[in-house]
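Asks: Residue numbers (this note's numbering): 336 to 522.
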Amino acid sequence: MSRPLNVVALSGGTWRPSRTLVLTQALLSELSNHLPINSHLIELGDIARPVGGALSRQELPAEVEAELQAIENADLLIVAAPVYRGSYPGLLKHLFDLIDLNALINTPVLLAATGGSERHALVLDHQLRPLFSFFQALTLPIGVYATEADFSNYQITSELLKARIQLAAERAAPLFGAQPNNLLKIA
Numbered sequence: 336m337s338r339p340l341n342v343v344a345l346s347g348g349t350w351r352p353s354r355t356l357v358l359t360q361a362l363l364s365e366l367s368n369h370l371p372i373n374s375h376l377i378e379l380g381d382i383a384r385p386v387g388g389a390l391s392r393q394e395l396p397a398e399v400e401a402e403l404q405a406i407e408n409a410d411l412l413i414v415a416a417p418v419y420r421g422s423y424p425g426l427l428k429h430l431f432d433l434i435d436l437n438a439l440i441n442t443p444v445l446l447a448a449t450g451g452s453e454r455h456a457l458v459l460d461h462q463l464r465p466l467f468s469f470f471q472a473l474t475l476p477i478g479v480y481a482t483e484a485d486f487s488n489y490q491i492t493s494e495l496l497k498a499r500i501q502l503a504a505e506r507a508a509p510l511f512g513a514q515p516n517n518l519l520k521i522a
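1) Is DSSP giving SER391 helix, strand or coil here?
2) Compute the Euclidean distance between the alpha carbons of ILE521 and LEU358, then round it to the nearest angstrom.
3) Once the 5 residues before and after ILE477 are set aside, which same chain residues still bring their CB inside 7 Å of it?
4) Excluding the 5 residues preceding and the 5 following GLU483 in the sequence, name in chain order all residues of the same chain whose CB lies nearer than 6 Å to its CB.
5) In this structure, what does DSSP give as the bridge partners for SER493?
6) Classify HIS369 as helix, strand or coil using the three-state DSSP reduction.
7) In or out: ARG354 buried (at least 16 other Cβ within 10 Å) or exposed?
8) Who are the Cβ neighbours of LEU430 in its own chain at under 6 Å, not counting the five residues just before and after it?
9) Can you tell me whether DSSP reads PHE470 as helix, strand or coil?
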């Protein structure tokens, strides 16, 4: 790869402190161990009010338009969402309603989510994958789901979650020409 990978990470929560943000940052950090990247982190909470009040993209302020363009121009997109009432937040969906229909075609997307318990883990496959399928994006096969039990004081403490984050980054790296390090085949 001749230039660093343009990785845009979207933390889809609106509150701070945020386990979703911690997970997003951990994914970015682990990816940087495997690939040369330029990373850009977008926190939905920082742009929530203008996004929520916009009925069309033309109504957005310039700084929010710049964030949408960053998403559309990413070489790799990381999207992490908290689970609210069994789904990702409506404001996150509204943000993607403002993204150009063709902007994410063939863009690799690493999916992640956080929730209160394991009961919401299927949000990755049953809700986030279909959203990005609509955009004809390429969702990576390994997603990362974390529960409240995986954190202590908003720090990742679960060794299993750390291993899953590492696995997701290792599996993403070969897509961009990086050599895999002994990829494990696990079920």
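All C-beta atoms, glycine included, are put in the ideal place defined by N, C-alpha and C. Being a predicted model, the structure only gives us computed values, none of them experimental.
Replies: According to the data block:
1) coil
2) Any reading at ILE521 must be qualified, since the residue scores a pLDDT of 46, below 50, and its modelled position is unreliable; the value itself is stated next. Take the alpha-carbon of ILE521 and the one of LEU358: they are about 22 Å apart.
3) LEU502, ALA503 and ARG506
4) GLY451
5) None; SER493 has no bridge partner.
6) coil
7) buried
8) VAL386
9) coil
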